[in-house]
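Be aware that the sequence shown starts at 66, since it is given in our numbering, and climbs by one per residue. Structure first, then comments.
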Amino acid sequence: MRRLVNFLWDMPDFQDQRTKQQVDLLLVLLHVWLAFGSFIVIFRLLLFDALAFRWFFALGFALIYAGTLISLKRGRPILAANFFLGGCWLLLSISIAYTGGLFAVGLSTYTALIFAAGMLRGEWAAFRLTAANLLVSFALFWGANAGYLPPLNLFADPLAPPRAIVLGNLLALLLTFFVVRRQTGVQNKLDQASQDLLAHNKAIQASEQRYRSLLEQSPFSTIIFSPDGHIRYLNPAARQLWHIGPGDSEAITASFNMLHNSDIHMKGLMTAIQQGFGREAVTLPPIQYSLSSAFPELALADNRSLWLQSHIYPIRLDDGQITEVVLMLEDVTERKEAEQVKWQAQKMDGLGLLAGGIAHDFNNILAAIMAQASVAQFQLAKDARAQASLEKIITATEQGALLTGQLLTYAGNNRFIQQTLNLNQLVSQNLHLFQLAIPRHIRLESDLAPELANVAGDPGQLQQVIMNLLLNGAEAIGSAAGVVQLCTTMVNLEAGNEHHFPLTGFSLPAGAYVSLAISDNGVGIAAEAQERIFEPFYSTKATGRGLGLAAVRGIIQAHQGALAVSSKPGQGTTFTIYLPITHQPLPVTELSPQTDFRLPPDTIILAIDDEAPVRQAIAAIVEQAGADCLEADSGQAGVDLFIAQQDAVDLVVLDLTMPGMNGQDTLLALHAIDPGLPVILCSGYTDVDLTATPSVPFLPKPFVAADLLQLIQQSLTPE
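Pasting the structure below:
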């Protein structure tokens with residue numbers, strides 16, 4: 066029985082609420098009419114000997130029931146309602162005509178059908194059914210007068226006048242229509258209001274979903290606060306930024322308050338935050354945040370620091386009341402790091418320009434001293450008492466040259482001997498020397514990666530870099546036992562990104578690099594000192610000149626590499642060098658230079674230099690070697706003198722850094738006159754790119770007589 070009931074009432078799931086209500090009403094009416102029809106057939110019609118009519122009536126009700134139910138099962142409620150109303154009206158009309166016409170009691174049942182039509186199919190259905198009922202009534206009236214209908218009405222009230230029954234039935238039909246029209250009008254208004262409300266709710270839901278999607282998909286970290294400062298919502302970007310998991314939301318919501326946060330108070334931002342919570346939108350300048358300290362409740366192990374720019378704006382109602390406050394965080398770490406790299410590079414370039422200028426002027430002075438001292442050595446007998454003093458002068462001058470060389474190295478303008486080399490070989494060949502340079506209680510370890518790629522560089526300068534960093538590590542360890550480690554490896558920087566090193570001011574493009582890391586377990590470097598350790602003349606040691614790390618930075622810069630530093634007080638320091646790889650093979654070993662520096666007596670050298678002491682020193686060296694020397698104090702004067710003495714001049718010694726026509730322009734002018742003229746370039750400072758003239762030898766200032774004479778001999782007697 067229960068299965069039968071479930072089958073009869075179990076209908077398809079209609080989405081529209083109004084349709085669901087109409088289907089439920091139709092099912093109720095269907096079963097009420099089924100019960101009514103059964104009563105009529107079984108009890109009322111038993112009074113007559115009308116077996117055929119009973120079967121017709123029962124079959125009609127069965128067809129109406131089955132057709133309506135099948136239409137509903139197939140999900141067609143409108144067809145089911147029309148089938149039910151039409152079938153009931155047809156069956157009722159035949160019954161009225163058979164049982165008394167206008168005087169039949171069943172005529173009043175039309176009113177129930179009009180109600181049902183209005184509730185199931187609306188006002189127009191009730192109107193059409195009322196019109197049909199009136200037409201049937203007039204037809205019955207005409208049929209009774211014409212004698213086509215049975216005169217006997219067994220169900221009519223014998224006491225009521227016939228006309229009253231007819232008029233009563235007709236008035237009941239009209240009154241029923243107007244009542245149904247009134248009821249359906251109210252229902253239509255209710256339905257319209259319900260649809261408007263539903264559409265409004267859908268619009269609100271769509272708007273909420275749209276803005277939620279914007280927040281969920283936004284790359285900016287967005288946090289929504291209550292007016293009293295507690296967190297109400299964090300979008301996925303904010304959860305990812307602060308490492309907030311699903312289980313952490315309750316802890317943060319309960320404990321964190323934006324208006325009472327100590328970290329914000331310490332950064333001096335509370336006034337601006339309160340302004341954003343109280344009155345208007347506020348944009349804060351970029352602030353550096355530590356991930357581990359922003360939300361102490363999470364106890365994050367991530368110690369990274371991010372630069373974040375905050376945008377705060379309140380959400381108000383129409384009356385001005387603030388309901389929520391939105392905080393949007395923009396991660397500007399990459400931009401700030403790029404700005405720091407640019408600022409650091411500009412600062413280093415400015416200091417390098419100053420250091421290079423000082424080194425250039427000082428080298429000119431040293432060049433004159435060293436050259437004249439070496440000339441004096443040639444002029445005196447080898448056993449003269451002054452030889453020892455002259456040797457000390459030259460030694461002191463060489464030490465001064467080393468100092469200016471470090472300044473030039475810091476500036477990145479020192480002249481390097483570029484060749485292909487392998488860092489593993491460089492470290493291995495000098496490992497014993499490195500160990501001797503540091504105290505015995507400090508152990509030197511090396512971890513060299515196999516099959517390391519070659520790099521292009523100056524082996525002497527890179528050896529100085531390693532030595533300086535090893536000595537720094539040893540000094541950081543002090544008198545305690547410790548370890549300094551050398552590690553080489555291959556590094557591939559990801560494509561599509563430029564990699565910044567803010568503390569040292571370097572940036573590297575993507576590509577393959579060889580890295581050399583020098584680590585110690587010493588005292589470490591304080592954060593405030595890390596920003597200054599590469600400045601010239603800055604030192605944390607009382608006896609230091611502050612040029613070691615500055616020179617290291619300059620050497621790496623000249624090698625087109627990068628330098629990174631990582632250190633924490635008490636945890637040691639690691640300096641990492643990055644050098645671009647080269648596919649050139651390692652060079653072969655060159656032969657030792659000659660030591661006989663006598664020049665042919667008919668040789669004439671032209672010395673072009675704006676510094677008179679340097680010109681005089683060059684002339685003294687050349688003349689001491691048996692040749693003659695012409696002097697010019699500027700590039701233009703040198704060109705004019707060469708034009709006048711072109712057939713006599715065999716070689717030109719040319720200073721690169723002169724006012725007016727500089728050395729590079731003078732070289733081009735001389736070679737335009739005589740392309741085969743031998744020229745030796747010399748300078749104590751140069752930022753001129755000499756790659757365009759690789760065959761022209763270069764002599765750094767200061768120099769001794771042997772260095773100059775050796776280059777002159779090599780240039781005059783080419784292989």
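All C-beta atoms, glycine included, are put in the ideal place defined by N, C-alpha and C.
Return the residue from the list the options that minimises the CA-CA distance to residue i.
i      : options                           : result
Pro665 : Thr348, Val390, Ile777 and Ile423 : Ile777
Glu510 : Leu488, Glu516 and Leu551         : Leu551
Leu581 : Tyr643, Ser202, Asp712 and Asn533 : Tyr643
Lys85  : Val704, Gly547 and Leu137         : Leu137
Arg277 : Leu263, Phe427, Tyr298 and Ala684 : Tyr298
Ser160 : Ala123, Pro292 and Leu128         : Ala123
Leu279 : Asp667, Gln260 and Met393         : Met393
Glu733 : Arg680, Gln689 and Gly703         : The sequence shown places Leu at residue 733, rather than the Glu named in the question. Comparing Cα-Cα distances from Leu733 to each of Arg680, Gln689 and Gly703, the minimum goes to Gly703.
Val617 : Ile377, Ile583 and Ile129         : Ile583
Ala127 : Gln452, Ile143 and Cys153         : Cys153
Val530 : Gln484, Ala623, Glu345 and Glu399 : Ala623
Leu488 : Ala521, Thr388, Ala577 and Ile434 : Ala521
Ala545 : Leu535, Gly587, Val579 and Asp523 : Gly587
Ile542 : Arg505, Asp585, Leu157 and Asn533 : Asp585
Leu155 : Arg141, Val201, Pro142 and Arg139 : Val201
Gln60  : Leu445, Leu781, Leu773 and Pro574 : Nothing can be reported for residue 60, as the shown portion of the chain is limited to 66 through 784.
Ala592 : Met555, Gly637, Gly576 and Phe571 : Gly637
Asp667 : Gln649, Glu688, Arg680 and Val679 : Glu688
Take the Cβ of residue i as the centre, count every other Cβ of all protein chains shown within 10 Å, and call the residue buried at 16 or more, exposed below.
i      : result
Ile230 : Residue confidence is low: Ile230 scores 47 on pLDDT, short of 50, so the model does not pin down where it sits. Its coordinate-derived value is still stated next. It counts as buried.
Phe725 : Note on residue identity: the sequence assigns Gly, not Phe, to residue 725. Gly725 is exposed by the Cβ-count criterion.
Thr469 : buried
His565 : buried
Ala493 : It should be noted that the sequence gives Ser, not Ala, for residue 493. With fewer than 16 other Cβ atoms within 10 Å, it is exposed.
Arg450 : exposed
Ser748 : buried
Glu362 : The pLDDT assigned to Glu362 is 49, lower than 50, so where the model puts this residue is not dependable, and the model offers no usable value.
Gln775 : buried
Glu559 : exposed
Leu695 : buried
Gly676 : Sequence check: residue 676 is Glu here, not Gly. That one is buried.
Ser370 : exposed
His425 : buried
Ile856 : Limits of the chain in this structure are 66 at one end and 784 at the other, which puts residue 856 out of reach.
Ile269 : exposed
Ile503 : buried
Ile380 : exposed
Pro765 : buried
Asn266 : exposed
Ile135 : exposed
Asp8   : In the structure as shown, the chain begins at 66 and stops at 784. Residue 8 is therefore absent and cannot be evaluated.
Pro142 : buried
Ala692 : buried
Ser760 : exposed
Arg125 : In the sequence under discussion, the amino acid at residue 125 is Gly, which differs from the Arg named in the question. Buried, since its Cβ has 16 or more Cβ neighbours within 10 Å.
Quick test of your reading: residue i and residue j, contact by CB under 8 Å. State the CB separation rounded to the nearest angstrom.
i      : j      : result
Leu628 : Leu486 : Contact doesn't hold; Cβ gap of about 18 Å is too wide.
Leu614 : Asn537 : 7 Å
Ala539 : Phe768 : Contact flag wrong, Cβ pair sits at about 33 Å.
Gly294 : Phe342 : 7 Å
Phe662 : Ala690 : 6 Å
Arg186 : Leu150 : 7 Å
Ser272 : Asn300 : Not really, about 17 Å apart at Cβ, beyond 8 Å.
Ala264 : Thr287 : Actually they do not touch by this definition, with Cβ atoms about 29 Å apart.
Can residue i and residue j be called in contact, C-beta distance under 9 Å?
i      : j      : result
Ile289 : Val391 : yes
Gln526 : Ile620 : yes
Asn519 : Ile646 : yes
Val440 : Ala685 : yes
Ala432 : Ile459 : no
Ile590 : Gly547 : no
Leu792 : Asp396 : A query on residue 792 cannot be resolved here, the shown segment of the chain reaching from 66 to 784 and no further.
Leu373 : Gln405 : no
His376 : Val347 : yes
Gly728 : Asp739 : no
Thr641 : Ser632 : no
Asn428 : Ala403 : no
task = Count the CB pairs spanning the stretch 666 to 682 and the stretch 701 to 718 that are closer than 8 Å, and state whether there are at least three.
result = yes
task = Please determine if the stretch 743 to 750 and the stretch 696 to 709 are in contact, where contact requires at least 3 C-beta pairs separated by less than 8 Å.
result = no
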